[in-house]
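Colleague:
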Amino acid sequence: MTARVAVIGGGPAGLMAAEVLAAAGQPVDLYDAMPSVGRKFLMAGKGGMNITHAEAFADFCGRYGEAQATLAPLLGRFGPDAVRAWMQGLGIDSFVGSSRRVFPIGMRAAPLLRAWLHRLRQSGVRIHVRHRWLGIDPLAEGGYRLGFAGADGERQHDVDAVVFALGGGSWAKLGSDGAWMAPFARLGIATTPLRPANCGFDCDWSAVLRERFAGQPLKNIGACVAGPDGVPTGDWRRGEIMVTTTGIEGTLVYALSATLRKAIETHGEATLLIDLLPQHDHDSVIAAVARPRGSRSLASHLQGTLGLKGLKMALLHEGLSKATLADPAALGAAIKALPLRLAAPRPLDEAISSAGGVRFDAVDPQLMLKQYPGLFCAGEMLDWEAPTGGYLLTACLSTGHAAGQGALAWLQSPHRHPPTSS
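According to the working numbering, the sequence shown holds residues 497 to 918 in order.
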């Protein structure tokens with residue numbers, strides 16, 4: 497009898513798991529709650545599909561923080577080079593941008609998704625949309641019974657193996673709502689709460705700064721996270737920050753979001769240090785500030801000597817006392833390391849991605865749940881996080897590939913056995 501396999505979740509991890517299974521001749525039913533699959537994939541590529549990154553492999557793996565030791569073997573089997581070869585196999589070439597980010601030719605996600613879905617359907621993958629997963633029950637004779645809510649009511653499907661690729665908790669309107677956490681908790685599967693990642697942060701702007709500068713970018717700056725003592729805790733990074741009505745966001749903030757979030761969880765707040773003039777060294781900034789300014793205002797003086805104006809000047813007035821602004825040494829130091837206090841990350845549903853999910857100690861190296869043989873997890877529902885820059889999509893594809901291979905190996909094993917608990 498042919499094994500029955502379900503993939504639940506139509507994002508990149510689920511589609512990749514289905515591809516691996518179907519390529520080996522395994523019939524696959526893929527279920528997704530939304531009216532179409534790949535919605536978050538398409539949204540991620542709206543401004544230019546950055547699918548992976550071309551930096552050295554060791555550096556690439558280092559972007560996954562605490563999860564890098566677990567993800568590195570999976571990325572070794574299906575990592576950045578494999579992603580580019582896979583795209584080429586779909587008829588879409590890629591190129592490396594100036595930042596070493598990798599994009600498909602044309603920069604768009606839609607042609608890639610269309611080609612991918614065509615190949616999946618040609619290989620026999622049956623895609624069922626508008627099927628929201630409700631729960632799962634082990635069957636006494638082996639296998640599992642899945643429950644779904646569809647347009648025509650609830651229905652059940654019996655399967656021998658399942659790859660769960662249900663996403664994290666961000667962008668609920670696109671399908672990643674974290675609703676799977678409750679049924680997983682009922683099964684006793686170890687998870688870590690979902691938290692925002694690659695997100696903005698709240699800070700207490702004055703009405704003047706909020707009204708005059710919200711929506712403006714803070715360009716050509718450096719930033720790092722300070723410890724409780726105000727001392728930098730890591731390397732300075734260069735980039736850009738966007739000021740919002742509630743605080744800050746942008747690529748530079750996203751790159752530091754894991755550290756900032758953990759600081760808030762531990763200390764109740766985080767301090768981001770901003771170098772307003774990373775192209776100037778500390779001593780030259782202080783020397784420029786200390787030059788006699790005669791009758792000129794401080795704003796005119798700093799604009800004339802250092803080019804500081806607009807939003808950068810407003811931030812100095814926002815965060816510094818009159819005494820500090822009047823002290824050349826203190827002001828110069830603040831220009832090179834202006835402290836910005838952050839109160840909280842923005843809500844999970846606003847985040848680009850999420851941290852938390854199924855703990856890696858709950859799955860084996862093939863990403864099968866230790867308590868439930870035949871059930872696999874992939875993608876953002878696993879407990880890892882990474883910055884933007886192609887790392888998110890690559891890990892989703894890699895873990896989907898690993899889960900698909902794991903499911904195949906388990907189905908072919910002569911030692912398949914019922915779940916150890918319920």
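We put the beta carbon where it would ideally sit given N, CA and C, even for glycine.
Between which residues of its own chain and SER917 is the CB-CB distance below 7 Å, once the five residues before and five after are set aside?
Modeller: Note that SER917 scores 45 on pLDDT, short of 50, meaning its location in the model is unreliable and no value can be drawn from it.
Colleague: Counting only the same chain and skipping the five closest in sequence on each side, list residues whose C-beta sits under 8 Å from that of ALA513.
Modeller: Closer than 8 Å at the Cβ level, and outside the excluded window around ALA513, lie VAL503, VAL659, ALA661, PHE872, ALA874, GLY896, HIS897, ALA899, GLY900 and ALA903.
Colleague: Could you compute how far the alpha carbon of LEU635 sits from the alpha carbon of PRO835?
Modeller: Distance between the alpha carbons of LEU635 and PRO835 is about 58 Å.
Colleague: At a cut of 8 Å, does the stretch 741–759 reach the stretch 711–720 through at least three beta carbon pairs?
Modeller: With the cut-off at 8 Å, the stretch 741–759 and the stretch 711–720 touch.
Colleague: Excluding sequence positions up to five away, which residues of its chain have a Cβ less than 8 Å from the Cβ of GLY842?
Modeller: According to the sequence as given, residue 842 is Arg; it is not Gly. Cβ neighbours of ARG842 beyond the five flanking positions: PRO692, CYS695, GLY696, PHE697, ASP698, THR742, GLY743 and GLU745.
Colleague: Mind reading off the beta-carbon distance from ILE782 to ALA819? Whole number of angstroms is fine, and I expect it under 8 Å.
Modeller: Not a contact, Cβ separation roughly 16 Å.
Colleague: Less than 8 Å separating the beta-carbons of ARG734 and PRO679?
Modeller: No. Outside cutoff.
Colleague: In this structure, does DSSP put ALA826 in helix, strand or coil?
Modeller: Note: ALA826 maps to helix in three-state DSSP.
Colleague: In whole angstroms, what separates the C-alpha of VAL598 from that of GLY885?
Modeller: Each residue's alpha carbon lies about 8 Å from the other.
Colleague: Per DSSP, which residues does CYS720 bridge with? Please list them.
Modeller: DSSP output for CYS720 lists LEU769 as bridge partner(s).
Colleague: Are the stretch 604–623 and the stretch 554–574 touching by the rule of at least three beta carbon pairs closer than 8 Å?
Modeller: The answer is no - the stretch 554–574 does not touch the stretch 604–623, with fewer than three Cβ pairs under 8 Å.
Colleague: Taking only beta-carbon atoms, is LEU511 less than 8 Å away from chain C?
Modeller: No chain C appears in the structure shown, which is made up of a single protein chain.
Colleague: Once you ignore the five residues that flank LEU794 on each side, which residues in its own chain have a CB closer than 8 Å to its CB?
Modeller: Within the same chain, LEU794 has close Cβ partners LEU821.
Colleague: Alpha carbon to alpha carbon, what distance is there between GLY671 and ARG682?
Modeller: Approximately 21 Å between the Cα atoms of the pair.
Colleague: Pull up the distance between the alpha-carbon of GLU814 and that of TRP701, whole angstroms please.
Modeller: So the two alpha carbons sit approximately 8 Å from each other.
Colleague: Alpha carbon to alpha carbon, how far is GLY718 from ARG789? Give it in angstroms, no decimals.
Modeller: The straight-line gap from Cα to Cα measures roughly 27 Å.
Colleague: If you follow the alpha helix (DSSP H) that PRO869 is part of, which residue opens it and which one closes it?
Modeller: Where PRO869 is concerned, there is no enclosing alpha helix (DSSP H), given that its DSSP letter is neither H nor E.
Colleague: What residues in its chain sit with their C-beta under 7 Å from that of LEU517, if we drop five residues either side in the sequence?
Modeller: Same-chain partners within the cutoff: VAL501, VAL524, GLY900, ALA903 and LEU904.
Colleague: Identify whether PRO861 lies in helix, strand or coil by the three-state DSSP scheme.
Modeller: The answer is coil: DSSP assigns PRO861 none of H, G, I, E or B.
Colleague: Please name the residue or residues paired with GLN799 in a DSSP beta bridge.
Modeller: Paired residue(s): none; GLN799 is not in a bridge.
Colleague: When you compare each of ALA847, SER909, GLN908 and SER894 to ASP569 by their alpha carbons, which one comes out closest?
Modeller: The question names Asp, yet the displayed sequence has Pro at residue 569. Taking only the C-alpha atoms, the option nearest PRO569 is SER894.
Colleague: Residues bridged to ARG641 by DSSP?
Modeller: ARG641 is bridged to ASP633 and ASP654.
Colleague: Between GLN862 and the rest of its own chain, which residues show a CB-CB distance below 6 Å, the 5 nearest in sequence each way excluded?
Modeller: The residues are GLY902.
Colleague: Just the Cα atoms here: how many angstroms apart are ILE547 and THR801?
Modeller: Distance between the alpha carbons of ILE547 and THR801 is about 42 Å.
Colleague: Tell me THR688's beta-bridge partners as DSSP assigns them.
Modeller: Note: THR688 sits in a beta bridge opposite GLY853.
Colleague: Looking only at its chain, what residues have a beta carbon closer than 6 Å to the beta carbon of ALA499, apart from the 5 residues adjacent to it on each side?
Modeller: If we look at ALA499 and ignore the five residues flanking it on each side, its Cβ neighbours are ASP656 and LEU907.
Colleague: Between the alpha carbons of GLY506 and LEU526, how many angstroms are there, rounded?
Modeller: Those two C-alpha atoms are separated by around 7 Å.
Colleague: Kindly indicate which residue of GLY674, LEU798 and LEU844 has the alpha-carbon position closest to the one of ARG787.
Modeller: Checking every option, the nearest Cα to that of ARG787 belongs to LEU798.
Colleague: Measuring CB to CB, does ALA703 end up less than 8 Å from VAL739?
Modeller: Not a contact, by the Cβ cut-off of 8 Å.
Colleague: Please report the Cβ distance between THR688 and GLY853, rounded to the nearest whole angstrom; I am assuming they are in contact, meaning their Cβ atoms lie under 8 Å.
Modeller: Indeed they touch by this definition, with Cβ atoms about 6 Å apart.
Colleague: With contact counted as at least three CB pairs below 8 Å, one residue from each stretch, are the stretch 639–653 and the stretch 874–883 in contact?
Modeller: As far as the Cβ criterion goes, the stretch 639–653 does not touch the stretch 874–883, which means the pair count is below three.
Colleague: May I have the straight-line CA-CA distance separating GLU765 from THR729, to the nearest angstrom?
Modeller: Going by the C-alpha atoms only, they are around 15 Å apart.
Colleague: Specify, as a first and last residue, the run of the beta strand (DSSP E) that HIS624 falls within.
Modeller: HIS624 -> beta strand (DSSP E) spans 622–624.
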